[in-house]
Structure formats: structure tokens, C-alpha cells
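Scroll down for the structure; my scribbles are underneath it.
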Amino acid sequence: VNGLGYTGPARALEEYAASGQPGPQLYRWRTECRLCSGPLDRLLRLADTPPANELVDAEFVASGKKQDTFPLVLARCSSCGHVQLQTVVDPARMFSEYFYQSGTSPVFRGHLRALAESVFPKHASDLVVEVGSNDGTLLSYYADEYKVVGVDPARNLAEAATARNLLTYADFFTRRTAQMVRDVHGAAALVLALNVFAHADDLHEIVEGVKLLLADDGRFVVEVAYLPDMLRDGTFDMVYAEHTSFHHLSPLVEFFGRHGLSLYDAHHVDSQGGSIRCFVDRGTAPTDRLRRMLADELTVADQIAEFLAQIEAAKVELTELLAKLKAEGRTIAAFGAPAKSTTLLHHFGIGRETIDWIVEENPLKQGKFTPGTNIPIVGTDALTSRRPDYVLCLAWNFSKDIVRRYEHLGLAWIVPLPRLQVIG
Ligand SMILES: [Zn+2]
151 VNGLGYTGPA RALEEYAASG QPGPQLYRWR TECRLCSGPL DRLLRLADTP PANELVDAEF
211 VASGKKQDTF PLVLARCSSC GHVQLQTVVD PARMFSEYFY QSGTSPVFRG HLRALAESVF
271 PKHASDLVVE VGSNDGTLLS YYADEYKVVG VDPARNLAEA ATARNLLTYA DFFTRRTAQM
331 VRDVHGAAAL VLALNVFAHA DDLHEIVEGV KLLLADDGRF VVEVAYLPDM LRDGTFDMVY
391 AEHTSFHHLS PLVEFFGRHG LSLYDAHHVD SQGGSIRCFV DRGTAPTDRL RRMLADELTV
451 ADQIAEFLAQ IEAAKVELTE LLAKLKAEGR TIAAFGAPAK STTLLHHFGI GRETIDWIVE
511 ENPLKQGKFT PGTNIPIVGT DALTSRRPDY VLCLAWNFSK DIVRRYEHLG LAWIVPLPRL
571 QVIG
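According to the working numbering, the residues represented by the sequence shown are 151 to 574, in order.
The following block contains the structure:
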């Protein structure tokens with residue numbers, strides 16, 4: 151086992167051993183574009199990090215072992231313009247057991263319900279398939295009227311969904327899985343993939359699978375975080391190993407075209423910090439709405455240049471503020487340990503010397519320690535019992551809601567992104 155060079159948490163290691171699979175290869179390096187195989191130009195190398203969601207336990211911290219880390223390099227295809235991560239981390243290590251559940255966030259549940267109410271198959275008997283169906287929340291909104299099937303590699307989620315009568319295959323979505331679903335359940339009138347296109351290394355395999363599965367007049371709906379929104383907000387902490395692609399429409403239109411499909415319409419949705427919902431089928435002509443969005447994307451190259459400059463400015467501003475507060479003898483805690491916080495803490499070089507502890511509302515994370523930086527994660531009652539002078543909000547995308555919910559405690563908040571703010 152040691153021969154694999156794997157030094158991560160023992161629990162994950164045991165799972166690999168039990169699965170009978172070969173040990174994890176830490177990462178490999180991509181030299182060609184995921185969408186068109188064109189050459190990649192490097193945009194940015196962030197600090198090396200461990201897998202962003204790989205929290206460790208007290209025993210691991212006490213052992214003095216170090217987690218595996220890998221570089222995070224963002225690149226842009228010089229042919230189609232697609233922005234992507236060059237590092238590819240073993241997906242089995244990241245997705246076989248997954249703690250994020252769509253159903254736990256009321257905001258996201260509302261988003262999924264609204265999607266199901268506006269996008270549906272043409273006939274009541276039709277089959278709806280979701281790729282990366284997570285805990286089955288979206289499928290549950292279709293299940294009354296349609297046949298539904300999910301495919302998701304996270305065994306824990308697939309089993310839970312199947313137990314709720316939302317049949318879910320615990321597997322990655324490939325040509326093989328797609329053919330199996332078609333053989334058993336027939337062709338799909340609607341295939342959905344939410345956020346999957348941000349997470350998958352091999353998008354060709356997924357799209358070829360969808361082609362096998364889709365009925366002749368079927369639709370494929372892809373929703374994914376939108377690169378221009380990330381660039382506008384300077385939210386570089388969206389870059390971590392699970393996020394392999396940062397999409398905009400122009401490369402995607404080309405990509406589907408090369409696979410004999412048509413991305414014919416898209417619109418903006420307010421999810422994951424700004425996303426696009428794309429409609430794909432076997433040949434509908436592009437809508438005017440899509441043409442307008444493509445025209446607006448001509449400024450992406452300029453936005454990228456501004457984004458890169460913004461990151462360095464944000465780092466200087468935040469680290470200087472934290473250093474000044476520490477010099478004054480203030481205590482600083484943090485709120486939230488989402489995946490993105492791993493990137494922010496590592497790239498800005500912020501660790502235990504600055505942040506005493508982090509509070510988390512998710513009980514699964516309490517009692518654990520942050521990847522690489524090993525900051526203890528505790529329950530939210532610590533905000534009352536230990537009263538830090540400042541709280542750095544690492545779940546900054548929910549900062550409005552968080553600050554309002556804890557307003558009665560009279561704490562001072564530091565919100566690092568999109569623009570540094572001190573509140574209270
Ligand atoms: Zn490309």
C-alpha cells in the first residue's frame with residue numbers, strides 16, 4: 151500500500167483496499183483540450199492543495215502525516231477557447247462517496263423544482279434520465295408523471311435514492327451505462343445533467359452515451375456554472391480538483407456540433423454563482439437568444455486578463471487585513487468549510503496561525519479538520535461560547551443569509567469575495 155505513495159486518510163485507503171480496485175493514482179496531467187483536443191495555454195497556477203473535500207480526523211492530524219497535494223493549473227484552449235483545469239485527479243477518490251446532497255439546501259431544492267416545472271418530456275409515458283442524479287431530488291419532481299432513472303457514481307446516494315423508489319444505478323455515466331439503461335428502460339425523451347459538465351474529465355464519453363440513449367425527438371438539458379460570471383466576480387476559489395471545466399457557450403456549441411448534436415438554445419440561471427441552462431437535440435436550429443449570448447461572449451479574453459489581476463489584489467488586501475488584526479491581538483474564527491475554502495486558504499497562505507477554528511452547520515464536517523491546513527471544525531455554538539473578535543466568512547456566497555441569521559450575536563464579519571467587506 152505504501153508503494154502507491156498514498157498518504158491520505160486511512161478511511162479512504164481502506165475503502166480502496168476493500169473495493170479490490172488498484173490504488174489511486176494521485177493525478178495526471180492534461181495537455182489537450184477536453185472539448186476539441188487543441189493545445190492548452192496556461193492562465194494561472196494556484197497553490198498546491200489536497201482534494202478540496204477531503205477532511206481529515208484528529209488521529210490523522212496527530213500522526214503528523216501530510217495529505218497528498220497536487221497543483222491546480224487553469225488553462226485555456228488556444229483553439230476553441232474552453233477554460234479548464236489541467237490537473238486530473240482520480241475521480242473514484244473524489245466521487246465514490248459524496249457528502250453534498252442536493253436535497254439538503256432549501257434554495258437548491260426550489261431551483262430543481264422550478265426546473266422540473268418548466269422542462270419536461272412531450273408524453274406522459276416518457277422516460278426521464280438524470281446523469282449525476284445525486285440524491286434523486288430532481289428526479290423526485292418528475293416521478294409522479296414519468297418513468298425516471300438516475301445514474302450516479304456515489305454509492306451512498308444511489309442506494310438512498312433507490313430506496314425512495316427513484317431507481318438509480320451507482321456508476322459513472324458512459325456509453326456502456328447508457329446502452330444498459332436503453333436496453334432495460336427504452337429510449338429517453340429527456341436527459342438531464344446538472345453541474346456534471348463541470349465535474350467530468352471525459353465529456354466525449356458522456357455525450358456519446360447521451361446520443362445512444364436519447365429518443366430521436368428527445369432533448370438533453372445541461373446546466374453548468376458560467377465562466378463569465380466567475381470572471382466577473384473574481385471567484386477563483388471555484389477552481390479545485392473536482393471542477394475540471396469552466397464553461398461558456400461558444401466552445402460548447404462547437405463541441406456538440408462535432409458530436410452530431412445541436413446546442414440550439416440557452417439561458418442564464420441563478421444557481422452555483424451563475425449558471426447557463428443549455429438545450430441540446432439532434433438538429434434544431436439556433437435561437438436568437440443563443441446568438442445574442444454568443445455575441446456577448448466576445449469579451450471573455452479581456453475578462454480573463456482582469457480576473458487574473460483581481461486575484462492578486464484580493465490576496466494582498468485580505469492577508470494584510472488579517473495580519474493587522476492578529477498584530478492587534480484579535481481572535482479570528484471562520485465560518486464554513488466548503489470545497490472552495492480549501493483553494494482560498496491555500497492560495498492566500500492562510501492557516502492555523504491566523505484562523506483558530508471554523509464553524510460548520512453540516513454535522514458531518516464537525517469534529518474534523520480542514521484538508522492540508524488542519525484547522526479544527528466545530529459546531530456553530532462556538533460563536534456564542536467562544537466569541538471570536540472577527541469571523542471570516544469562507545462560505546461567502548451565502549454571506550448575506552449567514553450574517554443575517556447570526557446578527558443577534560453582534561459579531562464582526564469579514565467577507566473575502568467578490569469584494570473584501572468588513573461588516574459590524
Ligand atoms: Zn478546445
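In this text, a Cβ means the ideal position worked out from N, Cα and C, and glycines have one as well.
All values derive from a computational prediction rather than experimental measurement.
Return helix, strand or coil for Leu205, following the three-state DSSP convention.
coil
Between which two residues does the beta strand (DSSP E) holding Phe485 run?
482-485
Which first and last residues belong to the alpha helix (DSSP H) in which Val553 is found?
Taken as a continuous stretch (DSSP letters only), the alpha helix (DSSP H) holding Val553 covers 549-555.
Return the chain-ordered list of same chain residues with a C-beta closer than 6 Å to the C-beta of Tyr319, the five sequence neighbours on each side being excluded.
Val301
Asp302 (DSSP reduced to helix, strand or coil):
coil
At a cut-off of 7 Å, is Ser290 close to ligand 1 when judged by its beta-carbon and the heavy atoms of the ligand?
Incorrect: Ser290 has no Cβ contact closer than 7 Å to ligand 1.
Where Lys297 sits in the DSSP three-state scheme:
strand
In the DSSP output, which residue or residues are listed as bridge partners for Pro334?
Looking at the sequence shown, residue 334 is not Pro but Val. Note: Val334 sits in no beta bridge, so no partner.
Element boundaries [beta strand (DSSP E), containing Phe220]:
220-227
Would you say the stretch 220-235 touches the stretch 257-265, given that touching needs at least three Cβ pairs under 8 Å?
Put simply, the stretch 220-235 does not touch the stretch 257-265. Fewer than three CB pairs are less than 8 Å apart.
Mapping the DSSP letters down to three states, classify Pro172 as helix, strand or coil.
Reliability fails at Pro172, whose pLDDT of 41 lies under 50, so the model's placement of it is uncertain and no value is given.
Run of the beta strand (DSSP E) containing Glu373, from where it starts to where it stops:
364-375
Kindly list the residues whose CB is nearer than 6 Å to the CB of Thr324, restricted to its own chain and excluding five residues on each side of it in sequence; keep chain order.
Glu355, Gly359
Quick one: does the C-beta of Leu193 sit closer than 7 Å to a heavy atom of ligand 1?
no
N- and C-terminal bounds of the alpha helix (DSSP H) containing His496:
489-498
Quickly, what does DSSP pair Arg182 with across the bridge? List them, please.
Correcting the residue identity first, residue 182 is Glu in this sequence and not Arg. The partner list for Glu182 (beta bridge, DSSP) reads Pro189.
Is Phe220 near Asp198, with beta carbons less than 8 Å apart?
Taking C-beta atoms as the reference points, Phe220 and Asp198 count as a pair closer than 8 Å.
With a Cβ-Cβ cutoff of 8 Å, do Ala562 and Ile552 count as a contact?
no
How is the alpha helix (DSSP H) around Ile454 delimited, first residue to last?
Run containing Ile454: 450-477, per the alpha helix (DSSP H) assignment.
Grab me the residues of His335's own chain with a C-beta within less than 7 Å of its C-beta, minus the 5 sequence neighbours each way, in chain order.
Leu277, Lys297, Val299
Option nearest Leu559 by Cα separation, candidates Gln571, Phe548, Pro538
Pro538
Taking just the CA atoms, how far does Ala473 sit from Pro566?
For Pro566 and Ala473, the distance between alpha carbons rounds to 14 Å.
So, with DSSP's three-state summary, where would you put Ser283?
coil
Can you give the Cα-Cα distance for Glu164 and Leu399, rounded to whole angstroms?
Reliability of the predicted coordinates at Glu164 is poor, the pLDDT of 38 falling under 50, and no value is obtained from them.
DSSP three-state assignment for Ile525, whether helix, strand or coil
coil
Cβ-Cβ separation, Leu307 to Lys515 (assumed contact under 8 Å), whole Å
With 8 Å as the limit, Lys515 and Leu307 do not qualify as a contact, their Cβ atoms being about 17 Å apart.
Is Ser549 near ligand 2, with its Cβ less than 7 Å from a heavy atom?
Within the structure as shown, ligand 2 is missing, the only ligands being ligand 1.
Between the Cα of Ile461 and those of Phe370, Glu295, Gly384, His349, spot the shortest distance and give me the residue it belongs to.
Gly384
Tell me the DSSP bridge mates of Val509?
Phe485, Val528
By Cβ distance below 8 Å, which residues in the same chain neighbour Glu182 in space, the five residues on each side in sequence not counted?
Gly188, Pro189, Leu190
Could you tell me if His290 is buried or exposed, where buried requires 16 or more neighbouring beta carbons within 10 angstroms of its beta carbon?
Before going further, note that residue 290 is Ser rather than His in the sequence given. Ser290 is buried by the Cβ-count criterion.
Closest by C-alpha distance to Leu570, when choosing among Glu470, Leu533, His497:
Of all alpha-carbon atoms in Glu470, Leu533, His497, the one lying nearest the alpha-carbon of Leu570 is that of Glu470.
Which residue marks the beginning of the beta strand (DSSP E) containing Asp132, and which one marks its end?
Outside the shown range of the chain, which is 151 to 574, sits residue 132, and nothing can be said about it.
Could you check what DSSP says for His585 in three-state terms: helix, strand or coil?
A question about residue 585 goes unanswered here, because the residues of the chain that appear run from 151 up to 574.
Alpha carbons only, please: which of Ala391, Leu362, Met330, Ser268 is nearest the one belonging to Asp351?
Ranking Ala391, Leu362, Met330, Ser268 by Cα distance to Asp351 puts Ala391 first.
Any heavy atom of ligand 1 inside 7 Å of the beta-carbon of Gly407?
Because no heavy atom of ligand 1 lies under 7 Å away, the Cβ of Gly407 does not count as near it: no.
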